[in-house]
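Each residue of the sequence shown is one higher than the one before, starting from 74 at the first, in the working numbering.
Where a beta carbon is used, it is the ideal one built from N, C-alpha and C, also for glycine.
Remember, predicted model here, so these are calculated numbers, not experimental data.
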Amino acid sequence: MERNTLFEGRIAAPLTVVATAHGRRRPVWQSGRRLAGLVAAGILALGLDAAEPVRAADAPNELRVIAHSNITMLDPIWTTAYLTRNFGYMVYDTLFGTDAEGRIQPQMVQDWTVSDDGLTWTFTLREGLKFHDGEPVTSADVIMSLRRWASRDTLGGLLEQSLDHYDLLDDRTFQLVLAQPFGMVLEALGKPSSNVPFIMPERVARTPGDQQIREAIGSGPYRFVESEFRPGESVLFVRNEDYVPRDEPPSGTAGGKQVYVDQVKWLIIRDPQTQLNALLNGEADILEQPAFEQYPVLAADPDIEIVNAQPAGLQYSMRFNFKHPPFDNPEIRRAAMLSLGQEQFLKTQVGIADYYRFCTSMFPCGTPFASEQTGGYTGRADPAAARALLEKAGYQGEPVVLLQPTDLSHINKLPLVARQQLERAGFKVDLQSMDWQTLVSRRARQDAPAQGGWNLFLTAWVAEDILNPLTMAMMNARGDQGWFGWQDDPELERIKREFARATTDADKKQWAERAQLRAFETASHVPLGQYIVPPAVRKGVTGIVPAGAQVYWNIRKDPQGE
Numbered sequence: 074m075e076r077n078t079l080f081e082g083r084i085a086a087p088l089t090v091v092a093t094a095h096g097r098r099r100p101v102w103q104s105g106r107r108l109a110g111l112v113a114a115g116i117l118a119l120g121l122d123a124a125e126p127v128r129a130a131d132a133p134n135e136l137r138v139i140a141h142s143n144i145t146m147l148d149p150i151w152t153t154a155y156l157t158r159n160f161g162y163m164v165y166d167t168l169f170g171t172d173a174e175g176r177i178q179p180q181m182v183q184d185w186t187v188s189d190d191g192l193t194w195t196f197t198l199r200e201g202l203k204f205h206d207g208e209p210v211t212s213a214d215v216i217m218s219l220r221r222w223a224s225r226d227t228l229g230g231l232l233e234q235s236l237d238h239y240d241l242l243d244d245r246t247f248q249l250v251l252a253q254p255f256g257m258v259l260e261a262l263g264k265p266s267s268n269v270p271f272i273m274p275e276r277v278a279r280t281p282g283d284q285q286i287r288e289a290i291g292s293g294p295y296r297f298v299e300s301e302f303r304p305g306e307s308v309l310f311v312r313n314e315d316y317v318p319r320d321e322p323p324s325g326t327a328g329g330k331q332v333y334v335d336q337v338k339w340l341i342i343r344d345p346q347t348q349l350n351a352l353l354n355g356e357a358d359i360l361e362q363p364a365f366e367q368y369p370v371l372a373a374d375p376d377i378e379i380v381n382a383q384p385a386g387l388q389y390s391m392r393f394n395f396k397h398p399p400f401d402n403p404e405i406r407r408a409a410m411l412s413l414g415q416e417q418f419l420k421t422q423v424g425i426a427d428y429y430r431f432c433t434s435m436f437p438c439g440t441p442f443a444s445e446q447t448g449g450y451t452g453r454a455d456p457a458a459a460r461a462l463l464e465k466a467g468y469q470g471e472p473v474v475l476l477q478p479t480d481l482s483h484i485n486k487l488p489l490v491a492r493q494q495l496e497r498a499g500f501k502v503d504l505q506s507m508d509w510q511t512l513v514s515r516r517a518r519q520d521a522p523a524q525g526g527w528n529l530f531l532t533a534w535v536a537e538d539i540l541n542p543l544t545m546a547m548m549n550a551r552g553d554q555g556w557f558g559w560q561d562d563p564e565l566e567r568i569k570r571e572f573a574r575a576t577t578d579a580d581k582k583q584w585a586e587r588a589q590l591r592a593f594e595t596a597s598h599v600p601l602g603q604y605i606v607p608p609a610v611r612k613g614v615t616g617i618v619p620a621g622a623q624v625y626w627n628i629r630k631d632p633q634g635e
């Protein structure tokens, strides 16, 4: 498969809307510094019954968004699911953010200092921060929130391993005291994507990390209206009138989070054609993730724009379950890797040549840590070699439970391709279909596949989540404390610690490459190529902030544009 020239020699950079000779608009990749800055920085990555919808005499200015999936889990620390992460950005705030150039910027923090030895970090919160219930945000809330986040997040866990203790100096000031140097403190606290270190009330953050919280209360720019929550139908957020945004302009997940609409409603519509009709008819303002086959229709409509919202794109990947046969055997995992070919996945699922690229690196192609050192992984299917290795490994023909999300139009065909390619290599595949939220719940279960567990699932990651070994959840090899699949590999964890201690770009590059080689050697997961899925927006909606997550501050909606 020829490499798409739109990607050649470029960082996976912001998507721009351009006009063709016939007046149609199409998205293209353009060069930019955003991911380079993020990587150089070392990252690149319930309810409020009192909160009622606006009931003014005139109808509220409501932004209607067709969300990319259903949402049933509202805990952005417990799960890495992106819609739950987006929910987090609506409701919660963070100590730091990451701007469009990859720089870490203060958000809830007013100022901070670092001791000469780099071990003691002192942070002071901004004045006037308060949760949606009116209670002030205190240092105790922050410390407990960071503790819980670190119990679930790869980068947070590494920070916790280097931590000696926290000191609570007063309600607005706390210290993070390290036992040993850790070169990515701010990068961890300003992590832009899953899991984001959102700040919650102390009482909520005391919930163990392996249990979901029961109350969605934060200090962010919107308040979640629990009484209006309709799982499978809609989620309502109203503007937080008490929120005090920063003075800086919005940039990535940093800067001022100005809210210009009265409320935001997420619409849960599972059928792609119904989603399209709702946008074209003006019943919705934004379609987060159109089906790929819909882009020609959208580009031809003068009332619709295809815009830049996730500048760096995403990567497809397949994840193994290390706890249960047959993929507790590394040789069988490697046989599965040999059976998979990226080209068929990308052509079948995406289909638009300008929207995808072939890439064998676990770190996104076009970024500083991308590497062609893949331990023999070519990204091209070799069913004969896979079958031979499978027989050598002693595969007994046990069914492989492969989960398929039916309601995500940019992922739903991947499991069908995977089944076909795995079966060609000699695997017996049990394809089980469900909606994405059910899959997200299912993948968290450690039961045997025959008792409601799983063997394989496919997913997608924004580039900001997988640009180095510390932010990549699939390189979390801490066993039961790690990401779904529960790989247990002390050697990979050792390599990641060396990466965290590296002080030069050259050393970081070396340790990142070693982490990738170790991940390929142990077959932690299979990268299956990169793609973009830009949202479609109705005319009159402006101010969308490009970021690694979909964020809904800074957006204006002109009612006359409907």
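On the DSSP letters alone, give me the boundaries of the alpha helix (DSSP H) that residue i sits inside.
i, result
"M217", "212-223"
"G230", "227-235"
"V269", "First-last for V269: undefined, no H or E at that position."
"V380", "It is not in any alpha helix (DSSP H) - V380 carries neither H nor E in the DSSP assignment."
"R492", "487-497"
"W584", "578-595"
"L411", "403-412"
"N159", "155-164"
"Q348", "345-353"
"L463", "456-466"
"L371", "368-373"
"Q285", "Segment: none, Q285 is in no alpha helix (DSSP H) and carries neither H nor E."
Between the beta-carbon of residue i and the beta-carbon of residue j, is there less than 9 Å?
i, j, result
"L601", "Q388", "yes"
"L512", "L495", "no"
"R516", "F557", "yes"
"L147", "F297", "yes"
"I699", "L156", "Residue 699 falls outside the range modelled here, since the chain spans only 74 to 635, and no answer is possible."
"P294", "T167", "no"
"H598", "F436", "no"
"V337", "M163", "yes"
"R199", "V215", "no"
"F400", "Q589", "no"
What's the gap between the Cα of residue i and the Cα of residue j?
i, j, result
"M507", "T576", "45 Å"
"A536", "D427", "17 Å"
"M636", "L529", "Residue coverage of the chain in this structure runs from 74 to 635, which leaves residue 636 outside it and unanswerable."
"Y429", "L462", "30 Å"
"S224", "G282", "6 Å"
"E670", "Q477", "Outside the shown range of the chain (74 to 635) lies residue 670, about which nothing can therefore be said."
"R83", "W194", "For R83, the predicted model reports a pLDDT of 30, less than 50, meaning its position is unreliable and no value from the coordinates is stated."
"Q234", "R319", "32 Å"
"A596", "P403", "7 Å"
"G175", "K582", "18 Å"
"F365", "S307", "24 Å"
"D122", "A385", "Since pLDDT at D122 reaches only 38, below the 50 mark, its modelled position is unreliable, and the value read off the structure follows with that caveat. About 38 Å."
"K486", "V423", "9 Å"
"L568", "T227", "In the sequence under discussion, the amino acid at residue 568 is Ile, which differs from the Leu named in the question. Going by the C-alpha atoms only, they are around 13 Å apart."
"G110", "S267", "For G110, the predicted model reports a pLDDT of 44, less than 50, meaning its position is unreliable and no value from the coordinates is stated."
Which residues share a DSSP beta bridge with residue i?
i, result
"Q178", "G170"
"Y295", "R312"
"Q477", "S506"
"V610", "I359, E378"
"T544", "Paired residues: none, contrary to the question."
"R303", "S307"
"L241", "F247"
"F196", "W185, F247"
"E564", "E564 pairs with nothing; no bridge assigned."
"A327", "S324"
"I203", "According to the sequence shown, residue 203 is Lys rather than Ile. Note: K203 sits in a beta bridge opposite P209."
"K630", "V614"
"R551", "D561"
Considering just the uninterrupted stretch of the beta strand (DSSP E) at residue i, what are its terminal residues?
i, result
"W339", "336-340"
"D503", "502-507"
"Q388", "387-393"
"F247", "246-251"
"Y604", "598-604"
"F431", "Element bounds for F431: n/a, residue is neither H nor E."
"A533", "529-535"
"V624", "First-last for V624: undefined, no H or E at that position."
"E637", "Residue 637 is absent from the model: the chain starts at 74 and stops at 635."
Exercise. Touch check for the stretch 470-488 and the stretch 610-620: three-plus C-beta pairs under 8 Å?
Worked result: Contact fails between the stretch 470-488 and the stretch 610-620, because fewer than three Cβ pairs, one in each stretch, are under 8 Å apart.
Problem set entry | Segment contact flag, the stretch 241-252 with the stretch 186-204, C-beta cutoff 8 Å, min 3 pairs | With a cut-off of 8 Å, the stretch 186-204 and the stretch 241-252 count as touching, because enough Cβ pairs lie within range.
Problem set entry | Contact the stretch 322-332 vs the stretch 170-182: 3+ CB pairs below 8 Å | In the pairwise beta carbon analysis, the stretch 322-332 is classified as touching the stretch 170-182: at least three pairs are separated by under 8 Å.
For this session: Count the C-beta pairs between the stretch 372-380 and the stretch 605-615 that are closer than 8 Å, then say yes if the count reaches three, no if not.
Result: Contact annotation: the stretch 372-380 touches the stretch 605-615, with at least three C-beta pairs closer than 8 Å.
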